[in-house]
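Chemist: Quick note: the sequence shown, position 73, residue 73 per this note's numbering, numbers continuous.
All C-beta atoms in this analysis are idealised placements derived from N, C-alpha and C, irrespective of residue type, glycine included.
Note that this is a predicted model, so its numbers are computed, not measured.
The structure that follows is given in the form of structure tokens.
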Amino acid sequence: MQVFKFGGASVKDAEGVKNLAKVLKQVGYEETLVVVSAMGKMTNAFEHVIKNYFENKAELKSSIQDILKYHNQILLDLFENESHVVFKKVRELFLELESFLNRNKSPDYNFVYDQTISYGELVSTTIVSEYLNHIGLTNNWVDVREYIKTDNYYRTANVDWETTQSLISKNLNKNTLNITQGFIGSDANNFTTTLGREGSDYTAAIFAYCLNAQSVTIWKDVEGVLNADPRYFEHAQLIHQISYREAIELAFYGASVIHPKTLQPLQRKEIPLYVKSFVNPEGKGTSVSKGKAIEPEMPCFIVKKNQVLISLSSLDFSYIVEENISDIFNLLHHYKMKVDVIQNSAISFSVCIDNVYNNLEQLVQHLKAKFKVTIHENVSLYTIRHYNEKAIDTIETGKTVLLKQLTQETVQIVTQ
Ligand code: ADP
Ligand code: ASP
Ligand code: MG
């Protein structure tokens with residue numbers, strides 16, 4: 001079997017859905033499992049709904065209606081006849097969501113988030129699956145929540161590999177074209193869970209692992225993995241081949257083209273991952289597989305914007321040692337801060353973090369009880385793998401460098 005993943009950008013409108021069908025016809029879709037994300041920026045739109053549910057009830061209904069309208073327009077562009085069953089199916093999904101939000105009594109933001117956000121994927125796959133059937137690409141719509149089981153750590157649930165493996169081996173029809181949702185799963189009580197933002201790549205890897213698939217292909221709006229994000233760097237170049245190890249490093253440092261959790265399951269079974277263009281499906285793209293670290297060799301640039309640099313020093317000039325460092329890390333973990341870089345000296349400790357869950361204020365309050373705290377918000381973190389002097393110069397020129405850390409293969413630079 002082969003596993004495909006189509007992300008939000010590939011299905012952002014009716015043209016995108018038609019193009020998905022074209023790609024399948026062009027490259028073949030027998031014994032294929034297709035993982036699809038929410039359309040366009042719909043996951044962000046659902047995040048807005050969730051925010052309204054908790055903080056601004058007056059806007060709740062209209063924020064849901066906006067999303068329904070967006071999908072309805074795509075349906076109208078794809079299907080000539082409004083009596084097609086897909087219109088009803090999509091409406092029903094929205095009714096189901098509204099009914100959940102009306103009934104729900106749980107104040108748990110993360111729980112409500114997962115129950116709500118998942119409709120992005122449920123709706124997109126319903127549309128894609130019905131459209132493919134409509135044009136003769138007969139397929140099976142799979143509710144991924146019956147296969148990918150997780151714990152109940154809502155918003156970043158952990159996969160229960162044993163149960164997932166067994167459900168996929170036993171129940172999934174492997175001889176057909178399957179269409180399923182990325183990003184979501186379900187817990188032991190059958191509540192919906194999610195695997196973390198951008199988690200659809202990971203879904204593809206989970207299926208590939210459990211199916212012993214021959215390959216995974218993620219279809220992108222770029223030619224493959226480039227040596228830099230083309231939105232921020234001119235002249236980004238295509239990398240033809242990357243080893244799993246190198247790809248894990250790049251994803252870890254924030255190369256958003258591949259979700260960090262995707263690679264490990266694939267590496268364990270040496271299943272190749274292809275990153276290809278949905279605009280040019282016959283292009284070579286990038287192959288992530290066993291082999292040379294990176295081919296052709298070149299520095300790779302990764303930038304993370306809107307990071308926070310926190311610098312701590314002890315109030316009494318005492319050393320920052322194991323005990324305080326473990327306190328600091330407990331707090332970072334407690335407030336779900338994603339740590340990018342750390343650097344310490346005798347009496348100071350700096351950490352660059354991604355404030356994903358907006359907990360900075362509480363964290364700082366806590367830290368101030370024990371340390372002198374300096375904060376730089378809105379800093380950029382640049383990472384260069386396989387750096388050289390010229391590469392470092394390109395980044396540093398014209399910026400204030402707040403922190404810099406070099407290891408043999410990687411340099412990280414925090415700038416303002
Ligand atoms: P998806 O629709 O699958 O979620 P994304 O929009 O998340 O796709 O990812 C594709 C985008 O990732 C590209 O348009 C590009 O701007 C960005 N990107 C970041 N780093 C890289 C990189 N190293 N190589 C290619 N694209 C990158
Ligand atoms: N739709 C989800 C997100 O935008 C998952 C994904 O696209 O991978 O985060
Ligand atoms: Mg995405």
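Rounded to whole angstroms, what is the Cα-Cα separation between N355 and I328?
Modeler: N355 and I328: Cα-Cα distance of roughly 15 Å.
Chemist: Taking the beta strand (DSSP E) that V279 falls in, what are its first and last residues?
Modeler: Premise fails: V279 is in no beta strand (DSSP E) and is neither H nor E.
Chemist: With Q264 as the anchor, note down where its alpha helix (DSSP H) starts and where it stops.
Modeler: Start and end: L263 to R268.
Chemist: For the ligand MG, any of its heavy atoms closer than 8 Å to the Cβ of A45?
Modeler: Flag unset: Cβ of A45 not near the ligand MG.
Chemist: Around the C-beta of A58, are 16 or more other C-beta atoms found within 10 angstroms, so that it is buried, or is it exposed?
Modeler: The residue in question, A58, is exposed, as its Cβ has fewer than 16 Cβ neighbours within 10 Å.
Chemist: Please classify K483 as buried or exposed, where buried requires at least 16 other C-beta atoms within 10 Å of its C-beta.
Modeler: Residue numbering for the chain in the displayed model covers 1 to 416; residue 483 lies beyond these limits and cannot be assessed.
Chemist: Using C-beta distances below 6 Å, list every residue in its chain close to F111, excluding the 5 sequence neighbours before and after it, in chain order.
Modeler: The answer, listed in chain order, is Y154.
Chemist: Look at the alpha carbon of K290 and the alpha carbon of I248, and state the distance between them as a whole number of angstroms.
Modeler: So the two alpha carbons sit approximately 12 Å from each other.
Chemist: With respect to the beta strand (DSSP E) encompassing K304, which residues constitute its N-terminal and C-terminal limits?
Modeler: Element bounds for K304: C300 to S314.
Chemist: Taking DSSP as the reference, what is the three-state secondary structure of N158?
Modeler: Coil at N158, not helix or strand.
Chemist: Return helix, strand or coil for R231, following the three-state DSSP convention.
Modeler: Three-state result, R231: coil.
Chemist: Report the residue from F4, N212 and E246 whose alpha carbon sits nearest the alpha carbon of I271.
Modeler: Taking only the C-alpha atoms, the option nearest I271 is N212.
Chemist: Confirm, please, whether the CB-CB distance from A204 to L263 is below 9 Å.
Modeler: No; because the gap between Cβ atoms is not below 9 Å, this pair is not in contact.
Chemist: Report the start-end ranges of each alpha helix (DSSP H) in the stretch 67 to 151 that is 4 residues or longer and not cut off at the edges.
Modeler: Runs found: 85 to 103, 109 to 117 and 119 to 134.
Chemist: Would you tell me roughly how many angstroms separate the C-alpha atoms of R145 and D77, rounded to the nearest one?
Modeler: Straight-line Cα distance between these residues: approximately 29 Å.
Chemist: On the DSSP bridge list, what partners appear for T374?
Modeler: T374 pairs with S311.
Chemist: What residue range is occupied by the uninterrupted beta strand (DSSP E) comprising H226?
Modeler: Strictly speaking, residue 226 in this sequence is Leu, with His absent from that position. Run containing L226: none; DSSP gives neither H nor E here.
Chemist: If you check the beta carbons only, do I67 and F94 fall under 9 Å apart?
Modeler: A contact, by the Cβ cut-off of 9 Å.
Chemist: Which residues does DSSP pair with F54 in a beta bridge?
Modeler: Beta-bridge pairing links F54 to no other residue.
Chemist: Suppose only complete runs of 3+ residues qualify. What are the beta strand (DSSP E) ranges in the stretch 164 to 246, listed by chain order?
Modeler: Those beta strand (DSSP E) runs which fall completely within the stretch 164 to 246 and span 3+ residues are 177 to 181, 184 to 186, 192 to 194 and 215 to 220.
Chemist: Can you tell me where the beta strand (DSSP E) with N344 in it begins and where it stops?
Modeler: Note, N344: beta strand (DSSP E), K338 to N344.
Chemist: Determine whether the beta carbon atoms of N227 and P299 lie at a separation below 9 Å.
Modeler: Cβ atoms of N227 and P299: closer than 9 Å.
Chemist: Taking the straight line between their C-alpha atoms, what separation do you get for S99 and D221?
Modeler: Computed Cα separation, rounded: 36 Å.
Chemist: Going by beta carbon distance, what residues of the same chain come within less than 7 Å of L360, once the five residues before and after it are set aside?
Modeler: Closer than 7 Å at the Cβ level, and outside the excluded window around L360, lie V308.
Chemist: Measuring CB atoms only, is the stretch 126 to 134 touching the stretch 77 to 91, in the sense that at least three cross pairs come out at less than 8 Å?
Modeler: Short answer: they touch.
Chemist: Give the DSSP bridge partners of Q405, in chain order.
Modeler: Answer is Q412.
Chemist: Taking just the CA atoms, how far does N152 sit from V49?
Modeler: Each residue's alpha carbon lies about 22 Å from the other.
Chemist: Using CA coordinates, which residue listed in H333, G398 and K41 is at the minimum distance from Y8?
Modeler: According to the sequence as given, residue 8 is Gly; it is not Tyr. When only C-alpha atoms are compared, the closest one is K41.
Chemist: Should S118 be counted as a contact of the ligand MG given a C-beta to heavy atom distance under 8 Å?
Modeler: Checking every heavy atom of the ligand MG against the Cβ of S118, none is found closer than 8 Å.
Chemist: So, for P260: in the same chain, excluding its five sequence neighbours on each side, which residues have a beta-carbon less than 6 Å away from its beta-carbon?
Modeler: Once the five neighbours on either side are set aside, the close Cβ partners of P260 are A251 and F252.
Chemist: DSSP three-state label for D13, please.
Modeler: It is coil, neither helix nor strand.
Chemist: Applying the criterion that 16 or more other CB atoms from any shown protein chain within 10 Å of the CB defines a buried residue, is D340 buried or exposed?
Modeler: So D340 ends up on the buried side.
Chemist: With I353 as the anchor, note down where its beta strand (DSSP E) starts and where it stops.
Modeler: Here the beta strand (DSSP E) through I353 covers S348 to D354.
Chemist: Would you identify the three-state DSSP class for S289, choosing helix, strand or coil?
Modeler: Looking at S289 - three-state DSSP - the assignment turns out to be coil, as it is neither helix nor strand.
Chemist: Could you compute how far the alpha carbon of S490 sits from the alpha carbon of T394?
Modeler: With the chain covering only 1 through 416, there is no way to say anything about residue 490.
Chemist: Evaluate contact between the stretch 371 to 389 and the stretch 399 to 415, counting only Cβ atoms and requiring at least three cross-stretch pairs below 8 Å.
Modeler: Touching, yes.
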